[in-house]
Structure formats: structure tokens, C-alpha cells
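Quick notes on the structure that follows.
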Amino acid sequence: MFLYNLTLQRATGITHAIHGNFSGTKQQEVVVSRGKILELLRPDPNTGKVYVQLTVEVFGVVRALMPFRLTGGTKGNTLCSGLQLGRH
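According to our numbering, the sequence shown is numbered sequentially starting from 16.
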């Protein structure tokens, strides 16, 4: 017998948030973590609304987020995340 654990509701509280240029489009973006979900958000300067561009569920709980840029890089920021696997 195999047991499968599935959460029916997404986490709603934001635990970490960082800003930067992650998709290489020269626009400010925000990455937020909600438990084990990472979301890339992009604000619309014309309407003031925030739109979700990408949602990724990771295996583990996000414990740290940090943007960094490689030396000499022109693509934008890179996301570094620290995860806790196992019991939380």
C-alpha cells in the first residue's frame, strides 16, 4: 500500500519576499514564498495591479530567499533559495 499526502488548500501567508529582475525583461518583479510555493509577481504600472507570472511548488519548505547577480552578467538577477526537507 502506498500513501499519498495532498494539501487541498494553498498557503496564503507570505513568509519571504524579494524584488529584482528575474525574467530578464528589465522590469521590477517580486518573488514571494508561501510555505512550499514560490510565485513570481509582476506589478502593472498602468493599473497598479499585481499579476502572477509563474507559480512553482517545491519539495520542502522555503526557509530563505536571496537575489544575486553574477559578475559581468547582463540577464538580470538569479534567485537562490534555501529549503528544509523532511519534518517542519
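Virtual Cβ for every residue (Gly too), placed ideally from N, Cα, C.
Residue i - DSSP class collapsed to helix/strand/coil
i: Met16; result: coil
i: Ile33; result: strand
i: Phe74; result: coil
i: Pro60; result: coil
i: Leu23; result: coil
i: Gln43; result: coil
Host beta strand (DSSP E) of residue i (start-end)
i: Thr93; result: 93-99
Sequence-distant residues of its chain with Cβ nearer than 8 Å to residue i (five each side left out)
i: Thr93; result: Phe37, Pro82, Phe83, Arg84, Leu85
i: Phe17; result: none
i: Lys51; result: Ala26, Glu72, Val73, Phe74, Gly75, Val76, Val77
Beta-bridge partners of residue i, as assigned by DSSP
i: Ser48; result: His31, Leu53
Nonlocal neighbours in the same chain, by C-beta distance under 7 Å from residue i, ignoring five residues either side
i: Cys95; result: Met81, Phe83
i: Gln99; result: Gly75, Val76, Arg78
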